[in-house]
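Chemist: Got a structure here, written out as structure tokens. Questions coming.
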Amino acid sequence: MFDNAFQRRLKDLAQRSGLKIADLRSGSAKLLFSVGGHTQPLFIIDYDGIWEFSCPTIIAMDDVSKIPHAILAFVLEQNATNKRGFWCIETIGGKKVIEYMHNIPEKLLTPDEFRKLCWAIVKQVEALEENFRELVQRLL
Numbered sequence: 005m006f007d008n009a010f011q012r013r014l015k016d017l018a019q020r021s022g023l024k025i026a027d028l029r030s031g032s033a034k035l036l037f038s039v040g041g042h043t044q045p046l047f048i049i050d051y052d053g054i055w056e057f058s059c060p061t062i063i064a065m066d067d068v069s070k071i072p073h074a075i076l077a078f079v080l081e082q083n084a085t086n087k088r089g090f091w092c093i094e095t096i097g098g099k100k101v102i103e104y105m106h107n108i109p110e111k112l113l114t115p116d117e118f119r120k121l122c123w124a125i126v127k128q129v130e131a132l133e134e135n136f137r138e139l140v141q142r143l144l
């Protein structure tokens, strides 16, 4: 099967930035990062040259009202200071999941920017998950 432009570009960026692709399709990809003793997925979707980077957290509830208010306040404050990325709630597998997203025109990505962006997103998610674990421990 022949690769399309998205697949070729993603393969090139990943190879030149030292990142490994776990899954690659015609308009989407998944990279896996080892952080904090576990594997964190990062998804990339091509929307006509705008790449959406998304990284779900472990914070997943049946109902959005069940997400701790302290976590929602934290991500909203973070959104106010972020200039490029943002936190959102997405429905994944029937659950309301807090996820970090970042949209960027593909043409702006150099291998260095690609690597930095991927790791920055994963680290944002890791920091939120650590705050969530601490909150849960305090509540127990």
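Numbers given in the working numbering equal positions in the sequence shown, counted from 1, plus 4.
Heads up, the beta-carbon is just placed ideally off N, CA and C, and yes, glycines get one too.
Computed from a predicted structure; not experimentally measured.
1) At 4 residues or longer, what runs of the alpha helix (DSSP H) sit wholly inside the stretch 26-93?
2) According to DSSP, simplified to helix, strand and coil, what is lysine 24?
3) Answer yes or no: do aspartate 27 and lysine 15 have a C-beta to C-beta separation smaller than 9 angstroms?
4) Which one of Ala33, Ile54, Tyr51 has the shortest CA to CA distance from proline 45?
5) Looking at lysine 120 and valine 39, is the spacing between their C-beta atoms short of 9 angstroms?
6) In the DSSP assignment, what are the bridge partners of glutamate 103?
7) Looking only at C-alpha atoms, which of Tyr51, Gly31, His73, Gly53 sits nearest to asparagine 135?
8) Of all the options Phe118, Asp50, Ile63, which has the alpha carbon lying nearest to the alpha carbon of valine 129?
9) Return the chain-ordered list of same chain residues with a C-beta closer than 8 angstroms to the C-beta of isoleucine 108, the five sequence neighbours on each side being excluded.
10) Identify the continuous alpha helix (DSSP H) that holds glutamate 110 and give its terminal residues.
11) Note the first and the last residue of the continuous alpha helix (DSSP H) segment covering asparagine 135.
12) Considering only the alpha carbon of each residue, which of Asp50, Thr43, Pro115 lies closest to serine 30?
Modeler: Taking the coordinates as given:
1) 73-85
2) Numbered from its first residue, the sequence shown carries residue 24 at position 20. Residue state, collapsed to three classes: coil.
3) Position 23 of the sequence shown, counted from the first residue, corresponds to residue 27. Position 11 of the sequence shown, counted from the first residue, corresponds to residue 15. Going by C-beta atoms, aspartate 27 is not nearer than 9 angstroms to lysine 15.
4) The residue labelled residue 45 in the question sits at position 41 within the sequence shown. Looking at the Cα atoms, Ala33 is the closest of the given residues.
5) By 1-based counting over the sequence shown, the position of residue 39 is 35. By 1-based counting over the sequence shown, the position of residue 120 is 116. No, the Cβ-Cβ distance between valine 39 and lysine 120 is not below 9 angstroms.
6) Taking the sequence shown and counting its residues from 1, one reaches residue 103 at position 99. Glutamate 103 pairs with Pro60, Cys92.
7) For this step, residue 135 is matched to residue 131 along the sequence shown. Closest option to asparagine 135, Cα to Cα, is His73.
8) Against the sequence shown, residue 129 aligns to sequence position 125. For valine 129, the nearest C-alpha among the options comes from Ile63.
9) Within the sequence shown, residue 108 is the residue found at index 104, counting from 1. Answer for isoleucine 108: Ile54, Trp55, Phe57, Arg88, Leu121, listed in chain order.
10) Here residue 110 refers to the residue found at position 106 of the sequence shown. Unbroken run through glutamate 110: none, as it is neither H nor E.
11) Here the question's residue 135 lines up with position 131 in the sequence shown. Per DSSP, asparagine 135 belongs to the alpha helix (DSSP H) from 115-143.
12) Here residue 30 refers to the residue found at position 26 of the sequence shown. That would be Asp50, whose Cα lies nearest to the Cα of serine 30.
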